[in-house]
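The numbering of the sequence shown is the working numbering, which starts it at 736 and goes up by one. Don't be surprised by glycine CBs; every beta carbon is placed ideally from N, CA and C. Data block below; observations after.
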Amino acid sequence: MEEKYDRPAEASPQRRDSVRILPVVFGVSLFLATLFTAWTPAGLFSGNLSDKLTLLLTSQPEDQIAISTSYPQLHIGIVSGHWGYDSGAVCLDGNGEVTLTEADLNLKIATLIQQKLTQSGFQVDLLQEFDPRLDGYNAVALVSIHNDSCAFIDENATGFKLSAAMDTRDVNRATRLTSCLRDRYASTTGLAFHPGSITSDMREYHAFTEIHDTTIAAIIETGFMNLDRDILTQHPEVIAEGIVRGIECFVNNESVAPAPLPTFSP
736 MEEKYDRPAE
746 ASPQRRDSVR
756 ILPVVFGVSL
766 FLATLFTAWT
776 PAGLFSGNLS
786 DKLTLLLTSQ
796 PEDQIAISTS
806 YPQLHIGIVS
816 GHWGYDSGAV
826 CLDGNGEVTL
836 TEADLNLKIA
846 TLIQQKLTQS
856 GFQVDLLQEF
866 DPRLDGYNAV
876 ALVSIHNDSC
886 AFIDENATGF
896 KLSAAMDTRD
906 VNRATRLTSC
916 LRDRYASTTG
926 LAFHPGSITS
936 DMREYHAFTE
946 IHDTTIAAII
956 ETGFMNLDRD
966 ILTQHPEVIA
976 EGIVRGIECF
986 VNNESVAPAP
996 LPTFSP
């Protein structure tokens, strides 16, 4: 007797597509796995595979991949004049009571300079007047902050003065530092350069002979504590910004006109 078999039901189109696709997917997966294994550095998958893949596929925060524009290797020294030694110049009221000392004013300005330069990425040392660290101190630059007398001299006793070491090893760089400080400080503060009263105490400032001979140094008297008292005490951030801009001008080799030769007082 002839056996009769029921004809198998015809597969649906979706099932036929799946059957055809499966071998292709398997082949591609095998190929990619082989290729990935061959080109992956040894040890990438040591540990938890899931954690490794999550790390690879997760975008990193921008602050971890941003390019730094700071100066992490550059050291700057800021001496706060008279700090840790004496009061420096003083301002007295009508009763002879001290209302302002140069040491306090210098420290306020020097601290602001340190903060601003640190925010820009410099490594900054805030130093006392006779800080033991000055012995052989090695940095890109050292600037000592001072101020002039609180006594009224005349109507011309206003503005700032500065000097570099007279016997510096690198006259060109020392001149550049003072030129940058003079230009940027004047344009930032509006105070005029007062070269006629630069004294031997500035030209022969003690720190100039203590620091390393490759450290370029300058001393600046940021103003007269009488006629310039308002900007010095009410806007010390402007004073600090002028010095910071001068230091950055020097470090970045920015364009600046040479400083005029000062006339000296005894």
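Would you report the Cα separation of residue i and residue j, rounded to the nearest angstrom?
{"i": "Gly812", "j": "Lys851", "result": "13 Å"}
{"i": "Phe943", "j": "Phe959", "result": "23 Å"}
{"i": "Phe887", "j": "Thr903", "result": "34 Å"}
{"i": "Val991", "j": "Tyr920", "result": "12 Å"}
{"i": "Gly823", "j": "Ile974", "result": "19 Å"}
{"i": "Ala773", "j": "Gln808", "result": "In this prediction, Ala773 has a pLDDT of 40, which is less than 50 and means its spatial position is unreliable; what the coordinates show is noted afterwards. Those two C-alpha atoms are separated by around 41 Å."}
{"i": "Asp883", "j": "Thr957", "result": "8 Å"}
{"i": "Phe928", "j": "Ile946", "result": "26 Å"}
{"i": "Ala892", "j": "Pro971", "result": "19 Å"}
{"i": "Gln858", "j": "Asn961", "result": "33 Å"}
{"i": "Ile880", "j": "Thr923", "result": "16 Å"}
{"i": "Ala909", "j": "Met937", "result": "14 Å"}
{"i": "Arg964", "j": "Gln854", "result": "27 Å"}
{"i": "Glu976", "j": "Gly829", "result": "33 Å"}
{"i": "Glu989", "j": "Glu832", "result": "45 Å"}
{"i": "Asn907", "j": "Glu890", "result": "34 Å"}
{"i": "Cys826", "j": "Ile955", "result": "19 Å"}
{"i": "Ile966", "j": "Leu840", "result": "11 Å"}
{"i": "Glu983", "j": "Arg911", "result": "12 Å"}
{"i": "Gly871", "j": "Leu862", "result": "13 Å"}
{"i": "Phe985", "j": "Ile978", "result": "11 Å"}
{"i": "His836", "j": "His941", "result": "Here residue 836 turns out to be Thr, not His, going by the sequence shown. Cα-Cα distance, rounded: 21 Å."}
{"i": "Cys885", "j": "Leu926", "result": "17 Å"}
Locate the alpha helix (DSSP H) running through residue i, then write down its first and last residues.
{"i": "Leu847", "result": "837 to 854"}
{"i": "Leu912", "result": "906 to 924"}
{"i": "Val979", "result": "971 to 986"}
Just checking residue i against the ligand ZN - is the residue's beta carbon closer than 7 Å to any of the ligand's heavy atoms?
{"i": "Ala952", "result": "Looking for the ligand ZN in the displayed structure turns up nothing, as the structure carries no ligands at all."}
Pick helix, strand or coil for residue i, following the three-state DSSP scheme.
{"i": "Gly831", "result": "coil"}
{"i": "Gly816", "result": "coil"}
{"i": "Ala942", "result": "helix"}
{"i": "Val963", "result": "Position check: residue 963 holds Asp in this sequence, whereas Val was assumed. If DSSP states are grouped into helix, strand and coil, Asp963 belongs with coil."}
{"i": "Gly823", "result": "coil"}
{"i": "Thr957", "result": "strand"}
Following the continuous beta strand (DSSP E) through residue i, name the residue where it begins and the one where it ends.
{"i": "Ala876", "result": "876 to 883"}
{"i": "Ser898", "result": "896 to 899"}
{"i": "Val859", "result": "858 to 862"}
message: Using a Cβ distance threshold of 8 Å, determine whether the segment 819 to 832 contacts the segment 854 to 871, with at least three qualifying pairs required.
response: Put simply, the segment 819 to 832 touches the segment 854 to 871. At least three CB pairs are less than 8 Å apart.
message: Check whether the segment 839 to 855 and the segment 913 to 921 touch, using three or more Cβ-Cβ pairs below 8 Å as the test.
response: no
query: Are the segment 885 to 905 and the segment 932 to 939 touching, with three or more C-beta to C-beta distances below 8 Å?
result: yes
- prompt: Between the segment 868 to 882 and the segment 936 to 956, do three or more beta carbon pairs fall short of 8 Å?
  reply: Touching, yes, given that three or more Cβ pairs across the two stretches are closer than 8 Å.
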